[in-house]
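K.L.:
As numbered in mature numbering (1 follows the signal peptide of the UniProt record, and there is no 0), residues -22 to -1, 1 to 282 make up the sequence shown, in order. Even glycine gets a Cβ: it sits at the ideal position worked out from N, Cα and C. Treat the numbers as computed from the prediction; the structure is a model and nothing was measured. Structure below; questions to follow.
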Amino acid sequence: MARARLILLFAASLATASAAGANRVFPDDPAVVRLGAGWLSTLANDYNLSTDAGEQLLVFGRSSRGDFSDSRVWVARQEDGQWSDPQPAPFSDPRWRDSDPWLTPDGRWLYFVSSRPAAAREPGREDLDLWRAPVTDGRIGEPEHLAMASSPGEELGPELHQGWLVFNSTRPGGPAQMALYRARVTDTGLDAPEAMPAPFNDGLVQGDLTFSPDGQLALFWSIRGDSREPDLFAVRREGGHWSAAVRLSAPFNQPGMDFTPAFTANGKHLRWASQRQGPEGPADPEGSADLYQAGTGLLEALLE
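Take a look at the structure:
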């Protein structure tokens, strides 16, 4: 998978089963916390956590392999005030990779990437394209291939913000080995994608672009400057332009890869995946990713 090839992820061990009796609620805590030990954060790579605004449906990516070659989209639902056991999405098929899920805040659409076949894809292709699936009453429908924004390269990290589909891609002719793109949503589909302006694509590679609910703060991961591993960066909207990208300090970036940032719909928390050593110590010496959350007040304080 492109993420492993381009950003040099480490190998991960096999996933553990859900922890029995876990307290499956998200803490309303401003500090950095590891989410869902044993059911969300496991010995697999767990990443791309996303919920609807009402937090009735939850999606995330999981892969038991360090190269993400068996990645799948997982789903959980609110039941009696707690999250259910995560299960693979109903469209999941082990013949193909599904990854990088993101739910629209209104809970009506699930965006993701997949290597599954489609009419617009030549037989035998294994790269990841952009897809979406409708969600009705918390039930996920049949996936739809977004051919107009996909390419022969790898597409990753789709999100929908203020009428734009944003994502990262390795398509030929881009401003970086992996660059950030956007495509305007129209009544008939999507306009042709365009590369994001500076400073978004100033690194060797970058991905997982996300925005705060008011659109004034953007986060993404990148390898740039003296960085040799993916770190989280932030840019602010200032007077109609974007500020220079700032690498976040601890506790957001730690040794190991930090990636897939996403704001909660109410803007109170930031959630992301990290390969940092967890509170239980180096239970997985290969460095698999877990899910983390922090209050946005902590983020704002770091950026002042």
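What residue does the alpha helix (DSSP H) around G275 start on, and which one ends it?
P.N.:
Taking the sequence shown and counting its residues from 1, one reaches residue 275 at position 297. Residues T274 to L281.
K.L.:
Helix, strand or coil for M126, going by three-state DSSP, please let me know.
P.N.:
Reading the sequence shown from its first residue, position 148 is the one you call residue 126. M126: helix per DSSP, three-state reduction.
K.L.:
Report the rounded CA-to-CA distance for S42 versus D105, giving the unit in angstroms.
P.N.:
Along the sequence shown, read from residue 1 onward, the residue named residue 42 stands at position 64. Along the sequence shown, read from residue 1 onward, the residue named residue 105 stands at position 127. About 19 Å.
K.L.:
Could one say the Cβ of R2 lies closer than 8 Å to chain B's Cβ atoms, at least one of them?
P.N.:
Among the chains of the structure shown, chain B does not appear; only one protein chain is present.
K.L.:
E132: buried (16+ other C-beta within 10 angstroms of its C-beta) or exposed?
P.N.:
Numbered from 1 along the sequence shown, position 154 holds the residue referred to as residue 132. Buried.
K.L.:
Taking 7 Å as the limit between beta carbons, can you name the residues of its chain near L134, skipping five residues before and five after?
P.N.:
Your numbering for residue 134 matches position 156 in the sequence shown. Apart from sequence neighbours up to five positions away, the residues of its chain that approach L134 with a beta-carbon distance below 7 Å are A(-21), R(-20), D78, V91, L106, F145, N146 and G185, ordered along the chain.
K.L.:
When the Cα atoms are used, what is the spatial distance from R94 to L108?
P.N.:
Residue numbering aside, residue 94 sits at position 116 when the sequence shown is read from its first letter. Residue numbering aside, residue 108 sits at position 130 when the sequence shown is read from its first letter. So the alpha carbons of these two residues sit roughly 10 Å apart.
K.L.:
Taking residue 326 as part of the beta strand (DSSP E), name the residues at either end of that continuous run.
P.N.:
This structure gives no information on residue 326, because the portion of the chain shown stretches from -22 to 282.
K.L.:
If I measure Cβ to Cβ from G167 and keep anything under 6 Å in the same chain, skipping five residues before and after, which residues do I get?
P.N.:
Indexing the sequence shown from 1 puts residue 167 at position 189. M126, listed in sequence order.
K.L.:
Give me the residue from A267, P83 and R99 with the minimum Cα distance to R40.
P.N.:
Locating residue 40 in the sequence shown gives position 62, where the first residue counts as 1. Closest option to R40, Cα to Cα, is A267.
K.L.:
Taking all protein chains shown into account, decide if L187 is buried (16 or more other Cβ within 10 angstroms of its Cβ) or exposed.
P.N.:
Taking the first residue of the sequence shown as 1, we reach residue 187 at position 209. By the neighbour-count rule (16 or more Cβ atoms within 10 Å), L187 is buried.
K.L.:
Only counting the same chain, and skipping five residues up and downstream in sequence, which positions put a Cβ closer than 6 Å to that of G193?
P.N.:
To locate residue 193, count along the sequence shown from 1; it is residue 215. Same-chain partners within the cutoff: Q140.
K.L.:
Keeping to the same chain, check which residues put their C-beta closer than 8 Å to that of P260; ignore five residues upstream and five downstream.
P.N.:
Position 282 of the sequence shown, counted from the start, is the residue given in the question as residue 260. Caution applies to P260, whose pLDDT of 49 falls short of 50 and renders its modelled position unreliable; the value that the coordinates give is listed next. There are no such residues.
K.L.:
Between the segment 204 to 211 and the segment 225 to 242, do at least 3 Cβ pairs fall closer than 8 Å?
P.N.:
Contact holds between the segment 204 to 211 and the segment 225 to 242, because three or more Cβ pairs, one in each stretch, are under 8 Å apart.
K.L.:
When burial is assigned at 16 or more other CB atoms within 10 Å of the CB, is L18 buried or exposed?
P.N.:
Here the question's residue 18 lines up with position 40 in the sequence shown. Classification for L18: buried.
K.L.:
List the endpoints of the continuous beta strand (DSSP E) containing F237.
P.N.:
The sequence position of residue 237 within the sequence shown is 259, counting from 1. For F237, the enclosing beta strand (DSSP E) begins and ends at D236 to F241.
K.L.:
Can you tell me the Cβ-Cβ gap for W80 and N26, rounded? I've got them flagged as a contact below 8 Å.
P.N.:
Here residue 80 is taken as the residue at index 102 of the sequence shown, counted from 1. Here residue 26 is taken as the residue at index 48 of the sequence shown, counted from 1. Between N26 and W80 the Cβ distance is about 7 Å, and since that is below 8 Å, they are a contact.
K.L.:
Work out the CA separation of F4 and L36 for me, nearest whole Å.
P.N.:
Counting from one through the sequence shown, the residue named residue 36 turns up at place 58. Counting from one through the sequence shown, the residue named residue 4 turns up at place 26. The C-alpha of F4 is placed about 11 Å away from the C-alpha of L36.
K.L.:
Measure the alpha-carbon distance for L226 versus A54 and round it to whole angstroms.
P.N.:
Position 248 of the sequence shown, counting from 1, holds the residue named residue 226. Position 76 of the sequence shown, counting from 1, holds the residue named residue 54. For L226 and A54, the distance between alpha carbons rounds to 30 Å.
K.L.:
With 16 as the cutoff for other CB atoms within 10 Å, does N244 come out buried or exposed?
P.N.:
Position 266 of the sequence shown, counted from the start, is the residue given in the question as residue 244. Taking every protein chain shown into account, the CB of N244 has fewer than 16 other CB atoms within 10 angstroms, so this residue is exposed.
K.L.:
Return the chain-ordered list of same chain residues with a C-beta closer than 8 Å to the C-beta of T274, the five sequence neighbours on each side being excluded.
P.N.:
Your numbering for residue 274 matches position 296 in the sequence shown. S190, F241, G245, K246, H247 and L248, listed in sequence order.
K.L.:
Leaving out five residues on either side along the sequence, give the residues of the same chain with a beta carbon under 6 Å from the beta carbon of G181.
P.N.:
Taking the sequence shown and counting its residues from 1, the one referred to as residue 181 is at position 203. Sequence-distant Cβ neighbours of G181 in its own chain, meaning closer than 6 Å and more than five residues away, are S200, I201 and R202.
K.L.:
Quick one: what's got a C-beta closer than 6 Å to A96's C-beta in the same chain, skipping five residues either side?
P.N.:
To locate residue 96, count along the sequence shown from 1; it is residue 118. Hits under 6 Å: H123.
K.L.:
Could you compute how far the alpha carbon of Q155 sits from the alpha carbon of S205?
P.N.:
Taking the sequence shown and counting its residues from 1, one reaches residue 155 at position 177. Taking the sequence shown and counting its residues from 1, one reaches residue 205 at position 227. Answer to the nearest angstrom: the Cα atoms are 16 Å apart.
K.L.:
Distance check for E137 and A170, CA to CA, integer angstroms please.
P.N.:
On the sequence shown, position 192 is the one that residue 170 refers to. On the sequence shown, position 159 is the one that residue 137 refers to. Using only the alpha carbons, I get a separation of about 16 Å.
K.L.:
Have a look at the DSSP bridge pairing and note the partners of W17.
P.N.:
Residue 17 sits at position 39 when you count from the first residue of the sequence shown. Its beta-bridge partners do not exist; DSSP assigns none.
K.L.:
Considering only C-alpha positions, which residue in the set G32, W220 and A98 is nearest to D84?
P.N.:
Position 106 of the sequence shown, counting from 1, holds the residue named residue 84. Nearest of G32, W220 and A98 to D84, Cα basis: G32.
K.L.:
On the premise that Q271 lies in contact with L13, defined as a C-beta separation below 8 Å, what is that separation, rounded to the nearest angstrom?
P.N.:
As a position in the sequence shown, residue 13 is number 35, starting the count at 1. As a position in the sequence shown, residue 271 is number 293, starting the count at 1. Right, their Cβ atoms sit about 5 Å apart.
K.L.:
Buried or exposed: where does P263 fall if 16 or more other Cβ atoms within 10 Å of its Cβ makes it buried?
P.N.:
On the sequence shown, position 285 is the one that residue 263 refers to. Since pLDDT at P263 reaches only 43, below the 50 mark, its modelled position is unreliable, and no value is offered.
K.L.:
Hey, how far is the Cα of T148 from the Cα of Y159?
P.N.:
As a position in the sequence shown, residue 148 is number 170, starting the count at 1. As a position in the sequence shown, residue 159 is number 181, starting the count at 1. Cα-Cα distance, rounded: 10 Å.
K.L.:
Does DSSP classify W199 as helix, strand or coil?
P.N.:
Taking the first residue of the sequence shown as position 1, residue 199 is located at position 221. The answer is strand: DSSP assigns W199 an E or B state.
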